[in-house]
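K.L.:
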Amino acid sequence: MRLKSIKLAGFKSFVDPTTVPFKSNMSAIVGPNGCGKSNVIDAVRWVMGESSAKYLRGESMTDVIFNGSRGRKPVGQASIELVFDNTAGKLGGAYAQYAEIAVKRQVTREGQSNYFLNGTKCRRRDITDLFLGTGLGPRSYAIIEQGMIARLIEAKPEELRVYLEEAAGISKYKERRRETENRMRRTEDNLERLEDVRDELGRQLERLSRQAEAARRYQQLKADERRLRGELAVLRWREADHQLKGIIDQVRELELEVEAHLVEIRRIESELETARQTQTQAADALDDAQARFHETGQAIARLEQHLQHRTQRARQLQQDLEALMRSEQELNESDQSDRARLTELEEALASLQPELEALDEQHLMAEEALAQQSEQLEDCQARWETFREHADRDQREAELARASIQQHETNQTQLKQRLQRLSEQASSLESTTQLDEQITSLTLEREAMQDQIQTLDEEAEQLQQQRESLREQVQQLRDQLDQRRTRYQQNSGRLASLQALQQAALKHDDEGVNQWLAQQGLAHEARLAEKLVVAPGWEHAVETVLADQLQALVLPGALPDAQLEALAQSPQGSLSLMVDTQLTASPDQTLAAYVQGPDAVRRGLAKILVVPSLAEGLVLRPTLTAEQSCITPEGYWLGPDWLRIHPADQNDDGPLARQRALEVLEVEQDELAETIESTAEHLTRLERDLESGEQKRQTLVAQQKPIQGRVSQLSSELATLETRRGHIAERQGQMAEEREELAIQMEDTEMALMSARDTWQAALARVENNVEQREALDRARQQARDAVEQARQAQSQYQQTRQQLQLKRQELLTSQQGMTEGLARTQQQRDRLYERRQTLEAALEEIHEPDDTQQAQLDELLDQHAQQEEAVSQLRQRQQTAYDSQSTLEQSRTEHDRQLERVRARLDEVRMQQQNLMAQRDAHLSQLAEMDVTLRDILPDLPEDATESAWRQTLDNTVERIRRLGAINLAAIEEFEQQQTRKGYLDAQYAELMEALDTLSQAIRRIDRETRSRFKETFEQVNQGLQTLFPKVFGGGTAWLQLTGEDLLETGVAIMARPPGKKNATIHLLSGGEKALTALALVFSIFQLNPAPFCMLDEVDAPLDDANVGRYANLVREMSDRIQFIYITHNKQAMEKADQLMGVTMQEPGVSRLVSVDMTEAEALVQ
């Protein structure tokens, strides 16, 4: 298989569709730097599945798409297609039948990447699997790019091993092994989790059996607790209701006291306002006087400040003039000193010049002597290098032979140890005959018990179906019952609330009237609001007309004379009584037509006409007589000359509407109670049937449990025995194979050891002969070095003295220049000081002139200021008097405010107690509603002497008994059945996982045997090829590969190379060119063993000199008979060896173009 062509479109600088043909095995790509040659190499790496942008010289995968240039717009996608010629059928698998194979990859700006095989879309993994074992891949040894040479040589042993694995064709085995290990790891994880779950299930099954009894006891105690909590809530409600009545009386008394304090405070505030006005007028007059007083003071201050400033200015000018004269004197003295120093510097410079000229002559003579001694030293060094090259070669051969001996001896010892360990392991293995007998016996027993379990499972399945049907019916009934109870509870709460509101609305507020009615036996008579039946929609209209009459007592007949006489003795208060008599008929279109009740009410309502709206009422109003009126459903009541408005409260219904709602709720509650009772009875019957079926199923489960436990135990024992038997048999076969392999390795190691010892002895003899010659050359070289060193010291001494004199001369010149500049600056400063002195003398004469006008103005302002100060004092006393009067009134108001605040605080406190008691009472009612009970259910049966403390103690005892029960699982029985079924399923899963784990282990052992064999054979062949090619590439020297570990599956591979004439301790000490040639020798050694379809080289000859480039080109040419080479180069020798030259140009900035030339056709054309 060989690469036929590359098709590029939109990839990096190849924006236009470009086909790169490869017609021969020697194709060279040439062109100037930066024209896009390496993009061809990147294209091949990218299409083979490279997923890292770093290896494509980018930051992200979308960087491979052409991003535009000065004359081109960016494109939306990039595509590369490799076309392979597979006529030889080297590519196996499903594509072996194809003579041509096309591999294509596309990527878009959105980051979507697609792969195609022969035009069919596929996965990236399909591409990598296609090339596994062929030596091709995104990072294989077949593609050597810029910088990869150094990475290959300096790679870690584990990284270098990868190239040998690819050459050995075991990369596909490693991939299979990795997948198998992943499956094994997942299987082991599942097995570990399964064992934990099985253990946990066993503990749960033991615990669940103890929880059922505790659950029944818990249910009984919870019922007692619920009953006691309801009774305790009723006791607390009764106590809160009693306290609430006393709190209401305290609120009324405190409200009257608050009103009295408010009246007094309003009177004081009126007087206080008058005092404030008086004080404000006094303050305004004082502010005006103070403003005039401050203006006069500021004018005085300005005049005094001006006079003081003139005096201070004259003093400051005199001081500046004296300082200026002192500065002139100092400058004169400094000028004389600098001129004397300048004369001294000129004399010192004249004396240094002769000494510098003498030192220049001595330094020249020392340099000539140093050059003669250096020539003699170079001659000695050349003789020494020639000798050392020969001696190092002999020493290297000796060390290489010794290292080989040590390696073979170490391998021999390790092989003996491995043989001994195998013998010990073979003797310790258990016999498989006894295991086979145990497996047969356990298998028969398990099959018999599985038949019993199947029979019980069929019976349990029938019961389970019946149970599921009953459970669905029970759940449906429970849902219905819960919904109805919730509705009943909501209605009960609303009914109690409406009843409390209705009682509060109809009950007399006067306690004296209530006591009198109770004495007369009339307290339980119905109120008028309870007797009236009003048509829907007209309740508010009736309430507007009747108002307080709705609280009137409706008597069944006329009162006896005795009770009528007792009315005179009734307490003061509002009280209405009427007899329950009915009218036969009522006029239409009157309010009485919409009301049924006592005739005393209906007669009054018969005079009130009804209208549907206020607008119609206003139209009807002029026609009304003096006794007539009309009313709307919304409560607008109109008479001939009056109007009463009583709009409905949206947040509170009236007594009549509330009474209608109470009647509807009571009917609904009775119906709900009957429905709840019948549903509960049906639910109880179904639960009994469900419990009976459950007991039968429990019996079957109890019978099945010991059998399943025994089956699980037998399965576990069988899995363990079979696994152990398989491991023993496999280990026996494995040890036999290893013993045979070790015996062969022992023979090979012994023969190699004898050969290495002979080579070592011969190399040692040559090393001893070189010792005397080394000593003589070393002495001559040392003498020459000493002479050079003496001449160098003399030359350095002269040079140092000369530099010191030159430095001293430069310092004197610098000082001379600084003195000259300093004298010039001193003269400039004297001139500036003279000008400054004249300016100061003129200013001083000007400031001494007198100014009498300002002094007169100052005296006048002082007299005016004294008069204004006296006026301000009088106004301030007037303001103080008004302020004292205001303070007295404010203190009085403050005292009343404190008393009012105290009363209000007490009122708020009492109201808070009232609200708390009402909230407590409502909370107790809500608690009863949550427990689905009412006051009527508990209060009649509760003893009169019942106390909260006694009931609290009984409740605490019950709660403590519940607490001692601990955590309760009410679904313990059902959960036990589910967990038992799950336990049997998990036991079967455990056996299956053990079998799968054994199968995977056998697969890995087969893969490891094949990997070891292939890797060892490949390592030896590549090592032999490297030792042959390295001297051929370098013209001498040695190189070899070493294993860094014992295990052939994991050991790394290290490379060592010593070019001719070098004895380097590590390969990292080689130069760039030496590393490049070493890497090429290694790559070509791999190609000799397992040649990839093609080899791509990107400027690998860049670090080589002309001689090494020739060796490299000849070697590539020699190997091109069986390997296709595609290389990028700038070297003419490498270009001459190519059969096909392809030039990459960039005439258009940023866009690469390709020009191909067949060298054979070109030569024929020239001839």
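Counting from 1, one number per residue, gives the positions in the sequence shown under UniProt numbering. Glycine included, C-beta positions come from ideal geometry on N, C-alpha and C.
Using three-state DSSP, classify L643 as helix, strand or coil.
P.N.:
Correct three-state label for L643: strand.
K.L.:
Taking the continuous alpha helix (DSSP H) assigned at W538, which residues delimit it?
P.N.:
Looking at the DSSP string, W538 is not in any alpha helix (DSSP H), and its letter there is neither H nor E.
K.L.:
Of all the beta strand (DSSP E) runs that stay within the bounds of the stretch 66–114, which reach a length of 3 or more residues?
P.N.:
The qualifying runs are 77–85, 100–108.
K.L.:
Considering P21, what are the terminal residues of the beta strand (DSSP E) in which it resides?
P.N.:
Its beta strand (DSSP E) spans residues 18–21.
K.L.:
Return the bridge partner residues of D42 from the DSSP annotation.
P.N.:
According to DSSP, D42 bridges with nothing at all.
K.L.:
So, for R1153: in the same chain, excluding its five sequence neighbours on each side, which residues have a beta-carbon less than 6 angstroms away from its beta-carbon?
P.N.:
So the list reads T1145, once near-sequence residues are dropped.
K.L.:
Along the alpha helix (DSSP H) that carries residue 1171, what are the first and last residues, could you check?
P.N.:
What is shown of the chain runs 1 to 1167, which leaves residue 1171 out entirely.
K.L.:
Could you tell me if Q793 is buried or exposed, where buried requires 16 or more neighbouring beta carbons within 10 angstroms of its beta carbon?
P.N.:
By the neighbour-count rule (16 or more Cβ atoms within 10 Å), Q793 is not buried but exposed.
K.L.:
Out of I101, R2, G137, which has the shortest C-alpha to C-alpha gap to V44?
P.N.:
Of I101, R2, G137, the residue nearest in Cα terms is G137.
K.L.:
If I measure Cβ to Cβ from A53 and keep anything under 7 angstroms in the same chain, skipping five residues before and after, which residues do I get?
P.N.:
Cβ within range, chain order: E59, S60, M61, D63.
K.L.:
Whose CA, out of Y98, G822, L1104, L132, lies closest to the CA of S49?
P.N.:
Ser is not the amino acid found at residue 49; the sequence shown has Gly there. Considering only alpha carbons, the answer is L132.
K.L.:
Using three-state DSSP, classify T632 as helix, strand or coil.
P.N.:
T632: coil per DSSP, three-state reduction.
K.L.:
Look at the alpha carbon of L813 and the alpha carbon of L345, and state the distance between them as a whole number of angstroms.
P.N.:
Each residue's alpha carbon lies about 8 angstroms from the other.
K.L.:
What residue range is occupied by the uninterrupted beta strand (DSSP E) comprising S27?
P.N.:
Per DSSP, S27 belongs to the beta strand (DSSP E) from 26–30.
K.L.:
On the three-pair Cβ rule with 8 angstroms, is the stretch 262–275 touching the stretch 894–911?
P.N.:
Yes, they touch.
K.L.:
Which residues in the same chain have their Cβ closer than 8 angstroms to the Cβ of Q489, if we skip the five residues on either side of it in sequence?
P.N.:
Cβ neighbours of Q489 beyond the five flanking positions: A929, E930, D932.
K.L.:
Look up K7 in the DSSP assignment and say whether it is helix, strand or coil.
P.N.:
Three-state result, K7: strand.
K.L.:
When you compare the CB of A843 with every CB in chain C, is at least one pair closer than 8 angstroms?
P.N.:
Structure shown: chain C not included; a single protein chain is present.
K.L.:
Please tell me whether F976 and S469 are closer than 8 angstroms, where the distance is taken between their beta carbons.
P.N.:
No, the Cβ-Cβ distance between F976 and S469 is not below 8 angstroms.
K.L.:
Tell me the residue span of the alpha helix (DSSP H) that contains R602.
P.N.:
Where R602 is concerned, the enclosing alpha helix (DSSP H) stretches over 599–605.
K.L.:
Using DSSP with H/G/I as helix, E/B as strand and the rest coil, what is V1157?
P.N.:
Strand at V1157.
K.L.:
Name, in chain order, the residues that DSSP records as bridge partners for K121.
P.N.:
The partner list for K121 (beta bridge, DSSP) reads F116.
K.L.:
Would you kindly report the start and end of the unbroken beta strand (DSSP E) that includes H1054?
P.N.:
It should be pointed out that residue 1054 corresponds to Ala in this sequence rather than to His. Segment 1053–1058, the beta strand (DSSP E) holding A1054.
K.L.:
Is V30 closer than 8 angstroms to M1135 when the C-beta atoms are compared?
P.N.:
It is a contact, given that the beta carbons lie within the stated cut-off.
K.L.:
Just checking my contact of residue 1170 with T958 at CB under 8 angstroms: how many whole Å lie between their CB atoms?
P.N.:
Because the chain is modelled from 1 through 1167, residue 1170 falls outside the range shown and cannot be assessed.
K.L.:
Anyone know if the C-beta pair for V1151 and I1086 falls short of 8 angstroms?
P.N.:
The answer is no: Cβ separation not under 8 angstroms.
K.L.:
Using three-state DSSP, classify V619 as helix, strand or coil.
P.N.:
Correct three-state label for V619: helix.
K.L.:
Can you look up I268 in the DSSP assignment and give me helix, strand or coil?
P.N.:
Helix, per DSSP.
K.L.:
My understanding is that A1054 touches T1078, with C-beta atoms under 8 angstroms, so please give their C-beta distance in whole angstroms.
P.N.:
With 8 angstroms as the limit, A1054 and T1078 do not qualify as a contact, their Cβ atoms being about 13 angstroms apart.
K.L.:
Using CA atoms only, rank isn't needed, just tell me which of I127, A142, S24 is closest to F1094.
P.N.:
Nearest C-alpha to F1094: A142.
K.L.:
Is DSSP giving Q650 helix, strand or coil here?
P.N.:
Since pLDDT at Q650 reaches only 48, below the 50 mark, its modelled position is unreliable, and the value read off the structure follows with that caveat. Q650: coil per DSSP, three-state reduction.
K.L.:
Does T1129 come out as helix, strand or coil in the three-state DSSP assignment?
P.N.:
Coil at T1129, not helix or strand.
K.L.:
Can you find at least 3 beta carbon pairs, one from the stretch 99–110 and one from the stretch 24–39, that sit closer than 8 angstroms?
P.N.:
Cβ pair count under 8 angstroms is below three, so no.
K.L.:
Using three-state DSSP, classify Q395 as helix, strand or coil.
P.N.:
Q395 falls in the helix class under three-state DSSP.
K.L.:
Can you name the start and end residues of the beta strand (DSSP E) that V610 belongs to?
P.N.:
Note, V610: beta strand (DSSP E), 608–610.
K.L.:
How big is the Cα-Cα spacing for R527 and R471?
P.N.:
Roughly 53 angstroms between the two C-alpha positions.
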